[in-house]
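For the record, in the sequence shown the residue sitting at position 60 is 60 according to full-length UniProt numbering, with numbers rising by one throughout. Remarks on the structure that follows.
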Amino acid sequence: MRIIAGAQRGRTLLAPKGATTRPTSQRMRQAVFDMLMHAPWYGREQLEQAIVLDAFAGTGALGLEALSRGARFATFMESSRTGVNTLRDNLLSCKLSERARLRACDVTRPPKAPKAHTLIFLDPPYHKGLVEKGLRALSRAGWVAEGALIVAETEQAPQSEDDEPFEAFHAHLYPGNSAPPPVPLAQRSFGVGRITIWHHTPHIS
């Protein structure tokens, strides 16, 4: 697994052994950053001004890719010890530690944010509802800036017939609220995974 583009292009990233992490595929990562760099709702300038949160970071591939392409700063959240150690090694290898902070924590129980972040990556294990749980917890703890761009990876299909397919949601509202969900800016499917992108809108008119 390598950084795709930017100052660290071609840099090899370490991945923990075993099944504790599920790194985002290079194909999906390429597609995500193609959208971020060229879509009318984002673009290179916004990416280069971004304060990134890579939640459920694993190898840190998404946050490191953003830093390589010029993002101002990134926070990485990872709960497993092996993941934290691998992330630390990847940050050192990429010489990006000065523009990053590593938080060894559970995303569903995050510490209070020192500052709000403007680009949020969520790539947790599938079939556990962790995008919803994690983003709501991050929003309550002040990690998600108003208008932040949310990039979430979920399973392509529900686990059972009783499960609802994933859709974008307002992170500050409890489930079941009558407000209509935010309109996704983009949705793309890659094998068993699906990317959904939307803006965090804390004020519902």
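Ideal placement from N, C-alpha and C gives every residue a C-beta, glycine not left out. Because the structure is a prediction, the values reported are computed rather than measured.
Kindly indicate the opening and closing residues of the beta strand (DSSP E) around residue i.
i      : result
Gln187 : Ala186 to Phe190
Alpha carbon to alpha carbon, what distance is there between residue j and residue i?
i      : j      : result
Glu167 : Arg103 : 28 Å
Tyr174 : Arg2   : 38 Å
Met37  : Gly176 : 34 Å
His200 : Leu47  : 16 Å
Pro181 : Phe169 : 5 Å
Ala19  : Gly147 : With a pLDDT of 49 at Ala19, under the threshold of 50, the predicted position of this residue should be treated as unreliable, though the coordinate-derived value follows. Cα to Cα, Ala19 sits roughly 34 Å from Gly147.
Asp54  : Thr118 : 11 Å
Trp41  : Ala116 : 20 Å
Gln156 : Lys95  : 35 Å
Thr75  : Ala179 : 30 Å
Arg9   : Ala145 : 29 Å
Arg99  : Leu67  : 8 Å
Ser97  : Met35  : 26 Å
Leu130 : Ser79  : 13 Å
What do you reckon, are the CB atoms on residue i and residue j nearer than 8 Å?
i      : j      : result
Phe33  : Ile51  : no
Gly70  : Pro16  : no
Ile197 : Val151 : yes
Ala186 : Leu135 : no
Leu149 : Asn90  : no
Pro184 : Ala141 : no
Leu87  : Thr108 : no
Met28  : Ile195 : yes
Thr24  : Ala61  : yes
Asp123 : Glu164 : no
Gly63  : Phe121 : yes
Ile4   : Glu65  : yes
Which one or two residues does DSSP pair with residue i in a beta bridge?
i      : result
Thr201 : None; Thr201 has no bridge partner.
Ile195 : Glu153 and Arg188
Arg2   : Thr12
Val144 : His117
Determine, for residue i, whether the minimum Cβ-Cβ distance to residues of chain D falls below 8 Å.
i      : result
Gln156 : Although the question refers to chain D, the structure presented lacks it and comprises just one protein chain.
Query raised in the report: Curious, which full-length beta strand (DSSP E) runs of at least 3 residues does the segment 71-133 contain?
Result: 73-78, 100-104 and 117-122
**Report entry** Segments of 3+ residues assigned as beta strand (DSSP E) that fall wholly inside the segment 4-73
**Finding:** 51-55
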